[in-house]
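Before any comments, here is the structure.
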Amino acid sequence: MTTTNSIAASAYPSIASGTNDHISALKFITCGSVDDGKSTLIGRLLVDSKAVLQDHLAGVQRQGETDLALLTDGLSAEREQGITIDVAYRYFATEERKFIIGDAPGHEQYTRNMVTAASSADAAVVLVDATKLDWKNPQLELLSQTRRHSLLAHLLRVHSLVFAVNKLDAVEDPALAWTHIQGALTTFAQAAGIAVRAMVPVSALKGWNVVDAHPGWSGYDGPTLLQVLEALPNTPTDTDLPLALPVQWVEKSSSSSADTSQGRRVFWGRVAAGQVAPGTPVQVFPSGQLAAVAQVLDHARRPGGVGAGQSAGIILDREVDVSRGDWILAAPTAAAPAEDDFDTPASVPAWPASRELRTTVAWMDDEPLVAGRVYWALHGHRWVKAKVKAVVHKLNINTLAEEAATQLDPNAIGHVDLLLQEALPATAFSQARVLGSMILVDTASHKTAAAVLVN
Amino acid sequence: MNARTTPDVIQSALSQAAAHHLSNAHLDALEEETIFILREVAAAFDRPALLFSGGKDSLVMLKCAEKAFGTKASGGGIPYPLLMIDTGHNFPEVTDFRDFRAKELGAELIVRSVEDSMARGTVRLAHPGESRNVHQSVTLLEAIEEFRFDALIGGARRDEEKARAKERIFSHRDSFGQWQPKAQRPELWTLFNTRLQPGEHFRVFPISNWTELDVWQYIDREQIALPSIYYTHKRKVVDRRGMLMPVTELTPPRDGETVETRDVRFRTVGDITCTAPVESTAATAADIVIETLAADVSERGATRMDDKTSDASMEKRKKDGYF
Numbered sequence: 008m009t010t011t012n013s014i015a016a017s018a019y020p021s022i023a024s025g026t027n028d029h030i031s032a033l034k035f036i037t038c039g040s041v042d043d044g045k046s047t048l049i050g051r052l053l054v055d056s057k058a059v060l061q062d063h064l065a066g067v068q069r070q071g072e073t074d075l076a077l078l079t080d081g082l083s084a085e086r087e088q089g090i091t092i093d094v095a096y097r098y099f100a101t102e103e104r105k106f107i108i109g110d111a112p113g114h115e116q117y118t119r120n121m122v123t124a125a126s127s128a129d130a131a132v133v134l135v136d137a138t139k140l141d142w143k144n145p146q147l148e149l150l151s152q153t154r155r156h157s158l159l160a161h162l163l164r165v166h167s168l169v170f171a172v173n174k175l176d177a178v179e180d181p182a183l184a185w186t187h188i189q190g191a192l193t194t195f196a197q198a199a200g201i202a203v204r205a206m207v208p209v210s211a212l213k214g215w216n217v218v219d220a221h222p223g224w225s226g227y228d229g230p231t232l233l234q235v236l237e238a239l240p241n242t243p244t245d246t247d248l249p250l251a252l253p254v255q256w257v258e259k260s261s262s263s264s265a266d267t268s269q270g271r272r273v274f275w276g277r278v279a280a281g282q283v284a285p286g287t288p289v290q291v292f293p294s295g296q297l298a299a300v301a302q303v304l305d306h307a308r309r310p311g312g313v314g315a316g317q318s319a320g321i322i323l324d325r326e327v328d329v330s331r332g333d334w335i336l337a338a339p340t341a342a343a344p345a346e347d348d349f350d351t352p353a354s355v356p357a358w359p360a361s362r363e364l365r366t367t368v369a370w371m372d373d374e375p376l377v378a379g380r381v382y383w384a385l386h387g388h389r390w391v392k393a394k395v396k397a398v399v400h401k402l403n404i405n406t407l408a409e410e411a412a413t414q415l416d417p418n419a420i421g422h423v424d425l426l427l428q429e430a431l432p433a434t435a436f437s438q439a440r441v442l443g444s445m446i447l448v449d450t451a452s453h454k455t456a457a458a459v460l461v462n
Numbered sequence: 005m006n007a008r009t010t011p012d013v014i015q016s017a018l019s020q021a022a023a024h025h026l027s028n029a030h031l032d033a034l035e036e037e038t039i040f041i042l043r044e045v046a047a048a049f050d051r052p053a054l055l056f057s058g059g060k061d062s063l064v065m066l067k068c069a070e071k072a073f074g075t076k077a078s079g080g081g082i083p084y085p086l087l088m089i090d091t092g093h094n095f096p097e098v099t100d101f102r103d104f105r106a107k108e109l110g111a112e113l114i115v116r117s118v119e120d121s122m123a124r125g126t127v128r129l130a131h132p133g134e135s136r137n138v139h140q141s142v143t144l145l146e147a148i149e150e151f152r153f154d155a156l157i158g159g160a161r162r163d164e165e166k167a168r169a170k171e172r173i174f175s176h177r178d179s180f181g182q183w184q185p186k187a188q189r190p191e192l193w194t195l196f197n198t199r200l201q202p203g204e205h206f207r208v209f210p211i212s213n214w215t216e217l218d219v220w221q222y223i224d225r226e227q228i229a230l231p232s233i234y235y236t237h238k239r240k241v242v243d244r245r246g247m248l249m250p251v252t253e254l255t256p257p258r259d260g261e262t263v264e265t266r267d268v269r270f271r272t273v274g275d276i277t278c279t280a281p282v283e284s285t286a287a288t289a290a291d292i293v294i295e296t297l298a299a300d301v302s303e304r305g306a307t308r309m310d311d312k313t314s315d316a317s318m319e320k321r322k323k324d325g326y327f
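Protein sequences, first through last, are from chains A and B.
To convert, take the position in the first sequence, counting from 1, and add 7; that gives the working numbering.
To convert, take the position in the second sequence, counting from 1, and add 4; that gives the working numbering.
Right under this line is the structure:
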């Protein structure tokens, strides 16, 4: 047997120095309706990129044939029924990039699991089953699940959307079908205001255009699905906004010796928006106290500046009462004085707080959402009571059109007015993800009942 | 069977190793997520504990915990005890290392053993040589009740096994310690719903998104010390259906089997009776990174006898309260 030692010793230092640090793992979800071939597509990605190990491949033989779907459907109930119930997370890497796949279920009753997977994804691959469409018709209708999953991904601000048109090998004229389906997808995306990164015709079953290109069958000669995924950007962090940091953990005292702040408490949390560095003027929420940042520690406890998406330890320049759940926000800016306006406040908070919120709610509980109920809401690291003031609209999940409604049924999405027990610096989700997102938790069952996007 | 160290395989592994996904940016993102979760547990629960076996995954978690909370020397320290469920079938190199690390950190180490559960009569073995791995669940649930733990942090990874791939990072367990895969709480953004009814608890998996390769890269980058048996050593083994079984007092050779001394290392460390080493001359974490890239059999496939019984065995065990 060849020893690896000498080879590793000579090769590894150059790896560890990391010359290509600008690109990180891509988290993507796959969505589509039942039997569109999601699990098969993932199996194909894993097998053709040689990410499946021999013992796992041996475990997915069924009557002598390899059933790629069995690679991801890991629960016994899923194998019994041949469907995906919950999100499976899979990991694979190519020479270009590392990937984390969230294999989200297609069934309408598992929308909550799709929302779960989408909330942390950089990209969504929406699978379109060519055999289910009237592909000979240039004005063909898309399946409602295609619209639904695209709109959900759009609503949740998944950064990149890719359409993979599957099973084109099974129609008699793949090139015509591809042209018509591509046209219908483009029309839909434009009407819905959805930016589409790419569309790729594939056969998950045969492996065409998934990892390896298969030219000359559909008139498409662009990159394969994997090549598209390798080039997609990560979700940008909200770095260009004013500072907002939800305090997660208070370290009782710091003995970072070289600093005058010795003995001060360290406020740890992940920067939600903006950046923080020594000298940054801040205001603590909800107390309103003003201070300046004396020192910032990064996740390795080295002093420096930290931007959105990373955890920071903040030491303030004076003793200020701060607990878990509080926010460290950018200090208010002076307001421009308006003439003859004596009511102008002296300063404008960077992140104004409010007790009343208009929100978009993805309802996940088995009981319907009705006005009057009180839930726990979690925003950042702060728990508050939230009362449902009114169900304003229900969204037609296929079109996102607003429809009159007095309640939201399980897996429905709608506009809801919430009244909070205390004001929170909640901001539109479209502007700032962390400040704009909350969950609702049932006070009796403790189940997570809703994903909330602040409007 | 595990380390295919022919020159072309190594060359291919090295070209992969030189590529993007081995960059530090990826490890930084994983570390950030792990530290965030470790702090969340400290802040959100009254009586958490960190399961610590002395194995590589728990040592990686411990390293992240040191970063999250500082060390005793720096005026900080991990704010929860370490908990070990001892099957009595552990490799001494691992338990010695566990004790050494706990002492070094000044951490409280709680050990509860399957032997004690057997003495109490809560664990009954079908036969004396049976693997005790599965029986750890009983002892674990007894420890949870004894200390009223409300969150147990574990080093399980989603790449290990199909049922694990489905589990949330904050995994709710009922008062019987059962995982209910069909009724998992949605996990949205990083807004973790940590609310509990009395008697229930959470299992929390801060390194869910790490792969075996990530773990070895991190061990290499951070120069984390491991029990010696993770690296190459000479060991008496028998070849049993393609797996190398260590010859110990608990696992003697069967009739007709030939005992050989081979260069081996352990990819995973658990109950002696069901943990097999792989053939390897890898002496450093960097060597193992290369071997892992070249491996064509999964960590559990190569090393665990007990996972092979059925596809759903892990799911069933988790429903019964297993980690």
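Cβ coordinates follow ideal geometry from the N, Cα and C atoms, glycine included.
If the criterion is Cβ atoms closer than 8 Å, does the pair B/THR402 and B/ALA48 meet it?
There is simply no residue 402 of chain B to check, as chain B begins at 5 and stops at 327 in what is shown.
When you compare the region 194–209 of chain B with the region 218–236 of chain B, are there three or more beta-carbon pairs, one atom per stretch, that lie closer than 8 Å?
Proximity of the region 194–209 of chain B to the region 218–236 of chain B falls short of the contact definition, fewer than three beta-carbon pairs being nearer than 8 Å.
Backbone CA spacing between A/HIS29 and B/ASN28 [nearest angstrom]
Bear in mind that the predicted position of A/HIS29 carries a pLDDT of just 43, short of 50, making it unreliable; the figure below should be weighed with that in mind. Looking at the backbone, the Cα of A/HIS29 and that of B/ASN28 are separated by about 10 Å.
Taking 6 Å as the limit between beta carbons, can you name the residues of its chain near A/ARG362, skipping five residues before and five after?
Same-chain partners within the cutoff: LEU427 and ALA430.
Alpha-carbon to alpha-carbon, B/ASP154 and B/ASP4
Summary: the structure shown does not reach residue 4 of chain B, with chain B confined to residues 5 through 327, and so no result is reported for it.
If I measure Cβ to Cβ from A/SER31 and keep anything under 6 Å in the same chain, skipping five residues before and after, which residues do I get?
So the list reads ASN241, once near-sequence residues are dropped.
By Cβ distance, which residues of its chain are closer than 8 Å to B/THR215, with the 5 residues on each side in sequence left out?
The residues are ARG161 and ASP163.
Please state whether DSSP places A/THR11 in a helix, a strand or coil.
In this prediction, A/THR11 has a pLDDT of 38, which is less than 50 and means its spatial position is unreliable; nothing more can be read from the coordinates.
Would you decide whether A/GLU258 is buried or exposed? Buried here means 16 or more other CB atoms lie within 10 Å of its CB.
Result: buried.
Hey, does A/HIS453 have any beta-carbon neighbour from chain B nearer than 8 Å?
With 8 Å as the cut-off, A/HIS453 counts as an interface residue toward chain B.
Contact set for A/ASP110: own chain, Cβ-Cβ below 7 Å, skip 5 residues either direction:
Short of 7 Å from the beta carbon of A/ASP110, and not among the five residues preceding or following it, lie these beta carbons of its own chain, in chain order: THR37, LYS45, SER46, ILE49, THR79, THR91, VAL94, ALA95 and ARG97.
Could you tell me the distance, in whole angstroms, from the CA atom of A/GLU374 to the CA atom of B/ALA72?
In this structure, the straight-line span from the alpha carbon of A/GLU374 to that of B/ALA72 is close to 39 Å.
Using the beta-carbon count (16 or more within 10 Å), is A/ASN120 buried or exposed?
Result: buried.
Uninterrupted beta strand (DSSP E) stretches inside the region 247–305 of chain B (no shorter than 3 residues):
Along the length of the region 247–305 of chain B, whole beta strand (DSSP E) runs at least 3 residues long occupy 247–250 and 264–269, reported in chain order.
My assumption, with CB atoms under 8 Å, is that A/VAL313 sits in contact with A/VAL303. Please give the rounded CB distance.
Indeed they touch by this definition, with Cβ atoms about 6 Å apart.
Taking beta-carbon pairs under 7 Å, can you tell me which members of the region 28–55 of chain B lie near chain A?
Within the region 28–55 of chain B, the qualifying residues are ASN28, ALA29, HIS30, ALA33, GLU35, GLU36, ILE39, PHE40, ARG43, GLU44, ALA46 and ALA47.
How would you label A/ASN216, buried or exposed, when you count the other beta carbons within 10 angstroms and need 16 or more for buried?
So A/ASN216 ends up on the buried side.
So, A/GLU237 versus A/ARG51, is the Cβ gap smaller than 8 Å?
No; because the gap between Cβ atoms is not below 8 Å, this pair is not in contact.
Within chain A, the residues that B/LYS238 reaches when beta carbons sit closer than 8 Å
Under the 8 Å cutoff, chain A gives no residues; its nearest Cβ is about 14 Å from B/LYS238.
Please classify A/ALA205: does DSSP put it in a helix, a strand, or coil?
It is a strand residue.
Mind checking which residues open and close the alpha helix (DSSP H) that includes B/ARG161?
Premise fails: B/ARG161 is in no alpha helix (DSSP H) and is neither H nor E.
Let me see if you follow: with CB-CB separation under 8 Å, is A/ILE446 close to chain B or not?
Yes, A/ILE446 lies at the interface with chain B (some Cβ there is under 8 Å from its Cβ).
Is it right to say A/PRO208 is buried, meaning 16 or more other beta carbons lie within 10 angstroms of its own, or is it exposed?
It is buried - the Cβ of A/PRO208 has at least 16 other Cβ atoms within 10 Å.
What did DSSP end up calling A/VAL122 once you bin it into helix, strand or coil?
Assigned with DSSP and collapsed to three states, A/VAL122 falls in helix.
Please return the same chain residues whose Cβ sits closer than 7 Å to the Cβ of A/GLY214, not counting the five positions on each side in sequence.
For A/GLY214, where only same-chain residues beyond five positions count, the Cβ hits under 7 Å are ARG51 and ASP55.
Please name the residue, chosen from A/ARG380, A/ALA171, A/ALA284 and A/GLN152, that lies closest to A/ILE322 on a Cα-to-Cα basis.
Distances from the CA of A/ILE322 to each of A/ARG380, A/ALA171, A/ALA284 and A/GLN152 were compared; the closest alpha carbon is that of A/ALA284.
Can you grab the Cα-Cα spacing for the pair A/ALA456 / A/THR450, in whole Å?
Taking the CA atoms as reference points, A/ALA456 sits about 10 Å from A/THR450.
Are the Cβ atoms of B/GLU97 and B/PRO231 separated by less than 8 Å?
The beta carbons of B/GLU97 and B/PRO231 sit closer together than 8 Å.
Neighbouring residues, chain B, relative to A/GLN282 (Cβ below 8 Å):
By Cβ distance, chain B contributes nothing, its closest Cβ being about 15 Å from A/GLN282, past 8 Å.
Whole angstroms are fine: how far does the CA of B/LEU217 sit from the CA of A/VAL377?
Distance between the alpha carbons of A/VAL377 and B/LEU217 is about 48 Å.
Distance, A/SER318 Cα to A/ASP305 Cα
Straight through space, the alpha carbons of A/SER318 and A/ASP305 are spaced by roughly 6 Å.
I want to verify the contact list: residues of chain B whose CB lies under 9 Å from the CB of A/ASN120, in sequence order.
Result: GLN188 and PRO190.
Taking all protein chains shown into account, decide if B/LYS166 is buried (16 or more other Cβ within 10 angstroms of its Cβ) or exposed.
So B/LYS166 counts as buried.
8 Å Cβ cutoff met for A/PHE35 and A/ASP136:
No.
Residues of chain A with a CB under 9 Å from the CB of B/GLN201: which are they?
At a beta-carbon threshold of 9 Å, the residues of chain A lying near B/GLN201 are SER452 and HIS453, ordered along the chain.
Run through chain B and tell me which residues come within less than 8 Å of A/ARG389, C-beta to C-beta.
Listed along the chain, the chain B residues whose CB falls inside 8 Å of the CB of A/ARG389 amount to none; the nearest CB is some 11 Å away.
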